[in-house]
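Participant:
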Amino acid sequence: MGMRRAHTKSRLGCSQCKKRRIKCDGKQVKCANCEKRGLECSFLLLAPSQRLTVGSPRSPSTEIAVVPKTPYDIHVFRHGVEDDSTDSSSSAPSSPEQGSPYSSPERFSELLGIPRSLGFDVWKDVRFQLSPRLQELLTHYEHTTSLTLATDGAGKIVWQNFVPELAAKHTFLVHGMLSIASLHISRLYEASDQKKLMGNIAVSEMNKALACYRPAIASIDESNAAGLFATATLTAVYFFRTASLDIEEALRSLPTNAVEEHAAGVDTMVQAVTRTFWGLRGALSVLTPGWQWITEGKMRVLCARKWWPKSRVPANERAIEEDRKLCALEGLWMRPGRDYEPHFEQLNEALYFLRDTYALVSQLTIPNGEYPSLTGVPYSVAYSHDDTKVGLLRDRAAIFVWGVRMSKEFLSLVEQKNPDALVIVAHWAVLIERIRGVWWLEDLGYNMIIAASIVVGRENWHKLSWPAEASGIDLEKSIEQGSRVQLSTHKPSLGRLSPSVARFDCVL
Numbered sequence: 001m002g003m004r005r006a007h008t009k010s011r012l013g014c015s016q017c018k019k020r021r022i023k024c025d026g027k028q029v030k031c032a033n034c035e036k037r038g039l040e041c042s043f044l045l046l047a048p049s050q051r052l053t054v055g056s057p058r059s060p061s062t063e064i065a066v067v068p069k070t071p072y073d074i075h076v077f078r079h080g081v082e083d084d085s086t087d088s089s090s091s092a093p094s095s096p097e098q099g100s101p102y103s104s105p106e107r108f109s110e111l112l113g114i115p116r117s118l119g120f121d122v123w124k125d126v127r128f129q130l131s132p133r134l135q136e137l138l139t140h141y142e143h144t145t146s147l148t149l150a151t152d153g154a155g156k157i158v159w160q161n162f163v164p165e166l167a168a169k170h171t172f173l174v175h176g177m178l179s180i181a182s183l184h185i186s187r188l189y190e191a192s193d194q195k196k197l198m199g200n201i202a203v204s205e206m207n208k209a210l211a212c213y214r215p216a217i218a219s220i221d222e223s224n225a226a227g228l229f230a231t232a233t234l235t236a237v238y239f240f241r242t243a244s245l246d247i248e249e250a251l252r253s254l255p256t257n258a259v260e261e262h263a264a265g266v267d268t269m270v271q272a273v274t275r276t277f278w279g280l281r282g283a284l285s286v287l288t289p290g291w292q293w294i295t296e297g298k299m300r301v302l303c304a305r306k307w308w309p310k311s312r313v314p315a316n317e318r319a320i321e322e323d324r325k326l327c328a329l330e331g332l333w334m335r336p337g338r339d340y341e342p343h344f345e346q347l348n349e350a351l352y353f354l355r356d357t358y359a360l361v362s363q364l365t366i367p368n369g370e371y372p373s374l375t376g377v378p379y380s381v382a383y384s385h386d387d388t389k390v391g392l393l394r395d396r397a398a399i400f401v402w403g404v405r406m407s408k409e410f411l412s413l414v415e416q417k418n419p420d421a422l423v424i425v426a427h428w429a430v431l432i433e434r435i436r437g438v439w440w441l442e443d444l445g446y447n448m449i450i451a452a453s454i455v456v457g458r459e460n461w462h463k464l465s466w467p468a469e470a471s472g473i474d475l476e477k478s479i480e481q482g483s484r485v486q487l488s489t490h491k492p493s494l495g496r497l498s499p500s501v502a503r504f505d506c507v508l
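Sequential numbering of the sequence shown, starting at 1, is according to UniProt numbering.
Structure below.
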């Protein structure tokens with residue numbers, strides 16, 4: 001009896017093809033079978049909601065409270081914000097024609113092929129307390145934004161299925177989710193007034209989240225630890241995104257002939273950089289006292305990393321070369337002719353942790369050809385060299401280890417614009433710059449390197465030559481033009497170690 005011919009099975013087809021039991025080509029955002037037959041393909045769920053209704057409210061009394069400045073002038077620690085999240089009259093609900101393909105849970109279930117009788121809205125305890133406009137934001141978070149907060153399936157399930165349970169118990173978490181969803185949507189608009197509206201809503205909702213969050217964090221216990229950690233994580237995401245936007249805005253406002261002398265703009269950039277570290281430390285401030293409760297619950301997949309290697313050593317030749325570059329930074333302050341200063345200890349410690357983080361990233365990077373398809377890899381962040389894929393970073397959380405471990409004393413040096421501390425920050429920013437496809441990290445690494453170069457001054461640009469070169473940034477032209485300018489160099493071969501223009505492409 002002959003052997004059966006081997007064939008490949010796939011469970012990645014759309015729901016319509018599965019229902020009809022035919023082969024799906026998996027084409028995004030609509031498969032060929034659905035397109036040919038005029039059916040509504042479930043792959044539409046993976047496309048962002050680009051037509052969220054943001055029309056003007058019907059009366060002044062129903063307006064969402066917003067910060068009256070620019071959308072990214074962040075006042076997250078202010079209290080005086082009106083709460084309209086439970087006001088059901090703030091805006092008329094948008095029509096199905098104006099909304100996204102999944103603007104309601106019922107329609108979302110239909111696209112998945114789930115009968116209405118079996119559909120289950122995990123957000124029902126939260127959704128109907130919100131105004132129609134905020135319900136749309138929640139729907140966008142549920143079906144789009146939540147998928148961008150983790151790289152692996154288990155993490156995405158937590159943000160989609162378990163966080164709703166927490167949100168029903170904690171108001172601060174609801175406001176945090178609405179803020180991130182609004183910030184996410186603002187990227188989809190080209191018109192400045194629409195961007196401004198969504199940005200203002202994001203600021204307002206984050207103000208409300210933190211106003212409720214601060215009293216709760218003073219008494220962390222089993223009942224609120226998971227909710228506080230989820231909110232702290234969303235706050236960090238908010239800080240990452242808004243920091244990048246603030247640096248861009250400050251850069252545009254600087255005079256091209258004397259950027260280093262524009263004190264207000266420089267201060268804004270430094271504050272934006274330090275805000276990202278405070279965001280990471282905020283999550284740590286919850287995780288430390290609530291570790292047992294969080295890691296014993298469903299949130300453990302977001303913070304427990306027992307599978308990471310305990311011994312951190314550079315994993316390949318390029319990682320060894322990059323470690324040499326980092327090691328050489330110690331010569332900036334520990335050199336003959338320069339007297340010892342107490343803050344050198346903080347610089348040495350920060351550099352040690354940075355080398356450790358680079359080594360960890362190299363260990364978590366799977367070389368090209370040694371992994372199966374993306375569906376078989378637990379973390380989907382592709383590592384590439386000059387736009388050519390050469391590996392896969394299994395967990396992007398590894399790049400944040402340095403920010404979490406940094407001391408308050410080192411962070412104080414950054415706030416004081418210490419040149420050596422800012423040079424170290426710029427070298428960490430290379431790891432962020434290599435991340436691709438994560439909207440809340442978009443251009444953050446680049447903007448950090450630009451900010452550091454402006455603060456340390458042109459006379460110290462040689463200290464930033466490798467971060468700029470590794471990220472493909474032309475410092476002088478980028479600062480002069482107020483926008484990103486790539487280095488006009490030939491593409492290096494894959495075997496070349498330096499300069500290396502590397503990227504982590506995140507497939508979400």
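We put the beta carbon where it would ideally sit given N, CA and C, even for glycine.
Is the separation between the beta-carbon of P289 and that of S362 shorter than 8 Å?
Facilitator: Not closer than 8 Å, so no.
Participant: Could you say if the segment 459-471 and the segment 280-297 meet the contact criterion of at least three C-beta pairs nearer than 8 Å?
Facilitator: Cβ pair count under 8 Å is below three, so no.
Participant: Alpha carbon to alpha carbon, how far is residue 518 from K195?
Facilitator: Since the displayed the chain opens at 1 and closes at 508, residue 518 lies outside it and no answer follows.
Participant: Among M206, T144, D221, whose alpha-carbon lies nearest the alpha-carbon of V174?
Facilitator: The candidate whose alpha carbon is nearest that of V174 is M206.
Participant: Suppose you measure from the CA of E433 to the CA of L444; what does that come to, to the nearest Å?
Facilitator: If I take the Cα positions, the gap works out to 7 Å.
Participant: Can you grab the Cα-Cα spacing for the pair S412 / E459, in whole Å?
Facilitator: Approximately 23 Å, taken between the alpha carbons.
Participant: Candidates N200, W293, Q271: which alpha carbon is nearest A225's?
Facilitator: With distances taken between Cα atoms, A225 lies closest to W293.
Participant: Looking only at C-alpha atoms, which of W461, G155, V237 sits nearest to I440?
Facilitator: Per the sequence shown, residue 440 should be read as Trp rather than Ile. Residue V237 is the option with its Cα nearest to W440.
Participant: Could you name each continuous alpha helix (DSSP H) segment of 4 residues or more that falls completely within the segment 324-365, going from the start of the chain to the end?
Facilitator: Runs found: 344-363.
Participant: Quick check on the DSSP output: what are the complete alpha helix (DSSP H) runs of length 4 or more inside the segment 271-315, in order along the chain?
Facilitator: Counting whole runs of 4 or more residues, the segment 271-315 contains the alpha helix (DSSP H) stretches 300-303.
Participant: Alpha carbon to alpha carbon, how far is N200 from A304? Give it in angstroms, no decimals.
Facilitator: Roughly 34 Å separates the two Cα atoms.
Participant: Return the bridge partner residues of I217 from the DSSP annotation.
Facilitator: DSSP output for I217 lists no bridge partner at all.
Participant: Can you give, in chain order, each stretch of the beta strand (DSSP E) that sits fully within the segment 401-438 and has at least 3 residues?
Facilitator: For the segment 401-438, not a single whole beta strand (DSSP E) run of length 3 or above is found.
Participant: DSSP three-state label for I22, please.
Facilitator: The answer is coil: DSSP assigns I22 none of H, G, I, E or B.
Participant: Identify, in the order they occur along the chain, each residue of the same chain with its Cβ nearer than 6 Å to the Cβ of T233, setting aside the five sequence neighbours on each side.
Facilitator: If we look at T233 and ignore the five residues flanking it on each side, its Cβ neighbours are A283.
Participant: Kindly indicate which three-state DSSP category L228 falls into: helix, strand or coil?
Facilitator: Looking at L228 - three-state DSSP - the assignment turns out to be helix.
Participant: State the DSSP-derived secondary structure class of residue 513, mapped to helix, strand or coil.
Facilitator: Since the first and last residues shown for the chain are 1 and 508, residue 513 lies out of range.
Participant: Could you check where the alpha helix (DSSP H) with Y189 kicks off and where it finishes?
Facilitator: No alpha helix (DSSP H) contains Y189, which DSSP labels as neither H nor E.
Participant: Using a 10 Å radius around the Cβ and a threshold of 16 neighbouring Cβ atoms, would you call R133 buried or exposed?
Facilitator: R133 comes out buried.
Participant: Under 8 Å, with one C-beta from each stretch per pair, do the segment 213-224 and the segment 147-162 reach the 3-pair mark?
Facilitator: Taking 8 Å as the limit for Cβ pairs, the verdict is that the segment 147-162 does not touch the segment 213-224.
Participant: Could you tell me whether the segment 419-427 touches the segment 332-351, using the rule of 3 or more Cβ pairs below 8 Å?
Facilitator: Segments in contact, yes.
Participant: Determine, using beta carbons only, whether Q346 and E248 come nearer to each other than 8 Å.
Facilitator: It is not a contact, given that the beta carbons lie outside the stated cut-off.
Participant: Are the segment 172-192 and the segment 312-327 touching by the rule of at least three beta carbon pairs closer than 8 Å?
Facilitator: Output reads no: the segment 312-327 does not touch the segment 172-192.
Participant: Which residues mark the beginning and the end of the alpha helix (DSSP H) in which C34 is found?
Facilitator: Counting along the chain, the alpha helix (DSSP H) containing C34 begins and ends at 32-37.
Participant: Let me check understanding here. Comparing Cα to Cα, which of L149, M269, K310, R214 lies closest to residue 559?
Facilitator: No answer is possible for residue 559: the residues shown for the chain start at 1 and end at 508.
Participant: Would you mind reading off the limits of the alpha helix (DSSP H) that contains N161?
Facilitator: Careful: N161 lies outside any alpha helix (DSSP H) and carries neither H nor E.
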